[in-house]
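> I have a structure I would like to understand better, so I am pasting it below and will then ask my questions one at a time.
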Amino acid sequence: MELTWALLASAYLALLALITKVFYKKRPLRKLPPGPKPWPIIGNLNVNLLSSIPHQSLHILSKQYGDIMQLKFGNYHIIVASSPEMAKMFLRTHDKVFATRPALAAGKHIGYEYSDVAWAPFGPYWQQARAFYQHEVFSDRKLDSSEFIRVEEMRNLFSRLHSLSGKPVVLKDHLMHCKLSSINRMLLSNKYFSESKNEISILELDEIREMLQEWFSLHGMINVGDWIPWLSFFDVQGYVKRMKELRWKLDRFLDYVIDDHLARKGERDFVPRDVADVLLRLAEDPKLRVQLTMDGVKGLLLDLIAGTTHTTAVLVEWAVHEMMRQPHIIKKAREEIHRVIGINRWVDENDFSQLPYLEAIIMETLRLHPPGTILTRYAMEDCNVAGYDISKGTTVFINTWGIARDPNLWESPTEFSPERFLGKNMDMMMGHNFSVLPFGSGSRRCAGYKLALRVARSMLGNLLHGFNWKLPDGMKTEDVCLEEQYGLTTHPKVPIAIIMEPILSVHLY
Ligand code: HEM
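This is the structure in structure tokens:
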């Protein structure tokens, strides 16, 4: 009897061993980057990360865990890179593995089902869309031919500021107004918003400004439903509800623009006159490598409109905030401009090569206040990075804000000092020098940097050239706020109101 039991027990154990061997392959040990211990269910999505400014929290965490660290958002792995060496690993060495973005709710709802360039997954559609931008919008020829629009709109801005001289103006609103008018005319041949009660249009200026503000804010939120999918149904933070509301408003605007263009297309002797016309013609092209849908047309237009209005306005805004705290920089920059340009004309988009101090101010602003503080990537396959095993499906954050403030790389890193860039070339900001990456790097580098730089240089240059800047009575230079408001573009938390006093001849305004 005992022998039978012993035989049965041995047979059972042998069977168990066989099943285990067949069904459970031994997992090789994976080497993972260090990181804080995740909590059950939420992982490291703790209150600190959700409520604070993410690039600042990640910067602090990376000091403890190193320049490559692992977090968990819900059940998903996140890798944070915080040094030039690690940034280079993801953006250059393994660019092909990480050349896509995670599919988050913002991309679905307000990135037109991932059909704009910024959200589109790496592949033929994204390549086709970037090539379209390159040829139809950002080539030097196209940018030169639309310069007159930007010049006209900038003059309109200066004449508005001239009429408000002596009164405090919230510069941010005026910069966005100007950028919005320019880009809509460049892309759509029309502004499509009204600037006063006497004009009638599909939207008022304030409405479109608020829509774009919301677009940028929602892109910057950490939406818990993206990382804990079973919670997405409840939309606990209400972000998806806001995205859907915004999508409705965007559709109303963009459908109107598209219908207006389609109506003109029916006219005799029609020739495409703007980017929207060309996109609508492509949407009907059966030979296109990847079909372009109406959502795609809207997504591609929206990227350009939003990309231009906020980013460049935020860059100029930060420069003004920093300079108002150090008036000697304003004086030095204005002296350079008046010496080189004289006082009888405005600064052109092409004058920058003769204005090294202005260029250094823009570079220093891009270092200290990169409008996009974190670059986002997504692993398309398993990859070994710096000896660590990164699995397919991992999201990667590259904290460019933290890198550009690293005391090991930059002397007095939090100090605004344009002098550090005197004699240096803007090329170093274009993704080759991994200690300063305001436009990103690799395949997903900013598509619109050429336009951005033309606009920022002439805008900031002319604000210095044509106006004295004064703080309102009772406000001291040290009162100018440098706190950040996080979003897809991180902008000053408290917008500055300054008094702009014209200094050139009246006929120029
Ligand atoms: C100061 C101005 C600007 C800054 C600092 C800036 C910065 C950036 C950054 C950091 C990225 C992410 C790059 C990466 O992931 O490696 C980006 C992407 C992008 N930017 Fe800009 N940008 C600016 C202006 C513009 C303008 C004016 C446009 C268009 C009119 C634009 C269009 C885009 C697009 C479409 C992408 C997505 C590229 C892709 O995923 O393939 N940007 N930008």
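Residue numbering for the sequence shown follows our numbering, starting at 252 and increasing by one per position.
Beta carbons: idealized from backbone N, C-alpha and C, even for Gly.
Fair warning: this is a prediction, and the values are worked out from it, not measured in the lab.
Indicate the three-state DSSP secondary structure (helix, strand or coil) for residue 740 in the structure shown.
coil
> When DSSP builds the beta bridges, which residues end up paired with residue 648?
331 and 627
> Report the rounded CA-to-CA distance for residue 600 versus residue 706, giving the unit in angstroms.
Distance between the alpha carbons of residue 600 and residue 706: 7 Å.
> Compute every distance between the C-beta of residue 639 and the non-hydrogen atoms of the ligand HEM, then say whether any falls below 7 Å.
no
> In this structure, does DSSP put residue 690 in helix, strand or coil?
coil
> Would you grab the beta carbon distance between residue 444 and residue 461 for me? Rounded to a whole angstrom, and I think it's under 8 Å.
Between residue 461 and residue 444 the Cβ distance is about 11 Å, and since that is not below 8 Å, they are no contact.
> Report the three-state DSSP secondary structure of residue 749 (helix, strand or coil).
strand
> Select from 413, 674, 515 and 579 the residue whose C-alpha is nearest the C-alpha of residue 749.
413
> Between the C-alpha atoms of residue 753 and residue 635, what's the straight-line distance to the nearest angstrom?
58 Å
> Counting C-beta neighbours from all protein chains within 10 Å, is the total for residue 321 16 or more, i.e. buried, or is it exposed?
Residue 321 comes out buried.
> What residue range does the beta strand (DSSP E) around residue 640 cover?
639-641
> Using the C-alpha atoms, what's the distance from residue 622 back to residue 558?
11 Å
> Smallest Cα separation from residue 419: which of 756, 758, 757 and 746?
746
> Please determine whether the Cβ atom of residue 368 lies at a distance below 7 Å from any heavy atom of the ligand HEM.
yes
> Which whole-angstrom value is the C-beta distance of residue 616 and residue 646, which I expect to be below 8 Å?
28 Å between Cβ atoms; not a contact.
> With distance defined between alpha-carbon atoms, name the residue in 352, 590, 335 and 712 nearest to residue 659.
335
> Return the chain-ordered list of same chain residues with a C-beta closer than 6 Å to the C-beta of residue 629, the five sequence neighbours on each side being excluded.
351, 352, 353 and 646
> Near residue 639, which residues of its chain fall below 7 Å by C-beta distance, leaving aside the five closest residues on each side in sequence?
282, 283, 284 and 319
> Sorry if obvious, but does the Cβ on residue 732 come closer than 7 Å to a heavy atom of the ligand HEM?
no
> For residue 702, I'd like the list of residues in its chain whose CB is within less than 7 Å of its CB, leaving aside the five on either flank, ordered along the chain.
389, 394 and 559
> Per DSSP, which residues does residue 322 bridge with? Please list them.
Per DSSP, the beta bridge partners of residue 322 are 329.
> Please classify residue 732 as buried or exposed, where buried requires at least 16 neighbouring CB atoms within 10 angstroms.
exposed
> Could you have a look at residue 300 and say whether DSSP puts it in helix, strand or coil?
helix
> How should residue 679 be labelled, buried or exposed, when 16 other C-beta atoms within 10 angstroms of its C-beta is the threshold for buried?
exposed
> Relative to the C-alpha of residue 651, which residue among 375, 471, 309 and 491 is closest?
309
> Determine which residues share a DSSP beta bridge with residue 523 and list them.
DSSP, once it has assigned bridges, lists no residue as partnering residue 523.
> Under 6 Å Cβ to Cβ from residue 410, same chain only, skipping five residues before and after it: list those, please.
In chain order, 760 place their CB closer than 6 Å to the CB of residue 410, counting only its own chain and leaving out the 5 sequence neighbours on each side.
> Hey, is residue 616 close to the ligand HEM, as in C-beta under 7 Å from one of its heavy atoms?
no
> Would you report the Cα separation of residue 542 and residue 534, rounded to the nearest angstrom?
About 7 Å.
> Is the beta carbon of residue 290 closer than 8 Å to that of residue 299?
no
> If you follow the alpha helix (DSSP H) that residue 504 is in, where does it begin and where does it stop?
490-516
> Could you check whether the Cβ of residue 630 sits closer than 7 Å to any heavy atom belonging to the ligand NAD?
Here the bound small molecules are the ligand HEM; the ligand NAD is not part of this structure.
> Should residue 477 be listed as close to the ligand HEM, given that the test is whether its C-beta is under 7 Å from any heavy atom?
no
> Is residue 702 near the ligand HEM, judged by its Cβ being under 7 Å from some heavy atom?
yes
> Ends of the beta strand (DSSP E) at residue 349?
The continuous stretches of beta strand (DSSP E) do not include residue 349, and DSSP gives it neither H nor E.
> Take residue 576 as the anchor and find which of 721, 370, 326 and 526 has the nearest alpha-carbon.
721
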